[in-house]
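Down below is the structure, laid out as structure tokens.
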Amino acid sequence: MGREEVVAELTKQLSLAGPLIGTNLMQYVLQAISVMFVGHLGELPLAGTSMAASFTSVTGFCLMFGMVSALDTLCGQAFGAKQNYMLGIHKQAAMLVVMLVGIPIAFMWNYTSHILIALRQDPEISKEAGLYAQWLIPALFGYGLLQCHVKFLQNQNIVYPQMLSSGLIALLHILLCWALVIKIGLGTKGAALAISISYGFNVMLLAVYIRLSPACQTTWTGFSRKVVHNICNFIKLAIPPAIMICTRVSNELGANHPQAARLAVRVMLCLVTAESLITGLAIILVRNVWGKVYSNEQEVVKSVASMMPLLALSHLIDGAQCVLSGTTRGCGWQKIGAVINLGAFYIVGIPTSVLLAFVVHMGGKGLWIGIICALFVQDLFYGLIMIFTNWEKEARKAGDRVNSTMIPMDGVSLPA
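According to the numbering used here, the sequence shown is numbered sequentially starting from -14.
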């Protein structure tokens, strides 16, 4: 591994990582901005919105993101093998599946308040959370489609369009929240509706780009009936990550470059460690003022300040976990990732959280320490897998996977 190879790989990683960080940040802040606006309406709206945000994230948004991550394997390896037209087929399969999966989730969100009350949560907070979740239902479908577009572009190493569209939408979202929450006075409903509208606009912007951009001419050839033959291949890879640097790894494996894939993992681990240390330090420095962004209540501000050091530590550990779990998706090891994630959280994380929070009476800090323990276990097992990985063998398997999912180009296509 020469210096020139490391520098070249670092340049590739930064050219991908920078815009992707911006994209993910801009998409994340939509929920944060809505919570900020609601937080200044009072303690009850803030509590209800926060509870609903957690509930919808676990039961919907995370599920969608996990399923769409199957495109990291399918699209990434197809692009690396220069089977460009298959990217469009894979994306259509993903869009169809997430829309169908969204229907039962939307039904569940409609009864969020009843579910939370049945779980013995505060009735008033549960009703507020239920209202927010109901108005967030359109956002579920928008988010699923958005992630399909983002993964489709990302696995072609196209990252700037989604960063620009997400940045524009984030600015629009501030205006929407002000208009719906404050000006019109919709309160909690307005905050959720603003997210739904913002995701919808983002989907439309990226859809127009994909349809018109010369960069996508060979990867998006219009809607095709061939997608029905590819749904099973997508579901096989989509289900495991739904219960658990993949672009670079999957591209290199698909192109039969095992050494480049190994180098990509090592460089990204170094890069994410440096980023995590810088971000963690920033989190600690702003711990006494960050809570004021969400609420004027001093009790809330003090509670946030006490939790920030734990957040900084979890960010450091989670950085390595993101790289290593992303590598498993790039290699197509979704089942292994699902087992590790389930074991880390259900065998280690949740029991530790319950013990520290409710037996030792550490409260919120105990819950967060349990999460940190789960992340550490994930890092440990993912790291061991990376150490003993045969990259040459994985490159051959990637080639076999691309060939097995390939569909002949001759056939009937429908206009986009």
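All C-beta atoms in this analysis are idealised placements derived from N, C-alpha and C, irrespective of residue type, glycine included.
Item: N-terminal and C-terminal residue of the alpha helix (DSSP H) that L197 is part of; Value: 173 to 197
Item: Contact check, P336 vs T173, beta carbons under 7 Å; Value: no
Item: DSSP-derived helix/strand/coil call for S209; Value: strand
Item: Other residues of its chain near S0: CB distance less than 7 Å, five sequence neighbours each side excluded; Value: none
Item: Beta-carbon spacing of Q132, F40 below 7 Å; Value: no
Item: Cβ-Cβ separation, S42 to C162 (assumed contact under 8 Å), whole Å; Value: No, C162 and S42 are not in contact; Cβ-Cβ is about 19 Å, not under 8 Å.
Item: Alpha helix (DSSP H) segment containing S111, residue limits; Value: 108 to 120
Item: Length of the line joining the Cα atoms of H346 and L191; Value: 48 Å
Item: C-alpha distance - L298 paired with G265, whole-angstrom precision; Value: 7 Å
Item: CB of A91 within 7 Å of CB of I122, strictly; Value: yes
Item: Whole-angstrom C-beta distance between S183 and I154, which should lie under 8 Å; Value: 5 Å
Item: Residue burial classification, V234 (beta-carbon count within 10 angstroms, cutoff 16); Value: Note that V234 has pLDDT 48, beneath the 50 cutoff, so the model's placement of it is unreliable and the number below is only indicative. That one is buried.
Item: Close beta carbons around I269, own chain, < 8 Å, minus the five adjacent residues each side; Value: M293, P294, A297
Item: Cα-Cα separation between I195 and G3, rounded to whole angstroms; Value: 21 Å
Item: Backbone CA spacing between W275 and A290 [nearest angstrom]; Value: 7 Å
Item: Status (buried if at least 16 other CB within 10 Å, exposed otherwise) for C231; Value: Residue placement at C231 is poorly supported in this model, since its pLDDT is 46, which falls under 50; the coordinates still yield a value, given next. By the 10 Å Cβ count, C231 comes out buried.
Item: Cβ-based burial, L56 [other Cβ within 10 Å; buried from 16]; Value: buried
Item: Within 7 Å, strictly: CB atoms of H300 and S261; Value: yes
Item: Nearest neighbour of K136, chosen from H99, L157, C60, W353 [CA to CA]; Value: C60
Item: Secondary structure of Y331, DSSP reduced to three states; Value: helix
Item: Extent of the continuous alpha helix (DSSP H) run through H99; Value: 97 to 103
Item: V362 and A329 closer than 7 Å at C-beta; Value: yes
Item: Cβ separation of W69 and T203, assumed to be a contact under 8 Å, to the nearest whole Å; Value: Residue identity check: residue 69 is Asn in the sequence provided, not Trp. That pair is a contact at about 4 Å.
Item: Runs of alpha helix (DSSP H) wholly within the segment 287 to 373 (minimum 4 residues, chain order); Value: 319 to 327, 335 to 339, 349 to 372
Item: Cβ neighbour criterion (16 or more within 10 Å) applied to E(-11); Value: exposed
Item: Straight-line gap, Q283 to A177 (C-alpha atoms, nearest Å); Value: 26 Å
Item: Reference G127, options Q141, G45, Q139, closest by Cα; Value: G45
Item: Proximity of V83 and G129 at Cβ, strictly below 7 Å; Value: yes
Item: Nearest-angstrom Cβ-Cβ length linking I321 and T313, presumed shorter than 8 Å; Value: 6 Å
Item: Three-way DSSP call (helix, strand, coil) for W163 in this model; Value: helix
Item: Buried versus exposed call for N326 [16 or more other C-beta atoms within 10 Å across all chains shown]; Value: buried
Item: Contacts around G349, its chain only, beta-carbon distance under 8 Å, and the 5 residues preceding and following it disregarded; Value: S288, M292, A342
Item: Collapsed DSSP secondary structure at P4 in the structure displayed; Value: helix
Item: Of the listed residues M11, L197, A305, I356, nearest to V333 (C-alpha basis); Value: I356
Item: Secondary structure of L26, DSSP reduced to three states; Value: coil
Item: Pairwise C-alpha distance: A114 and L5; Value: 31 Å
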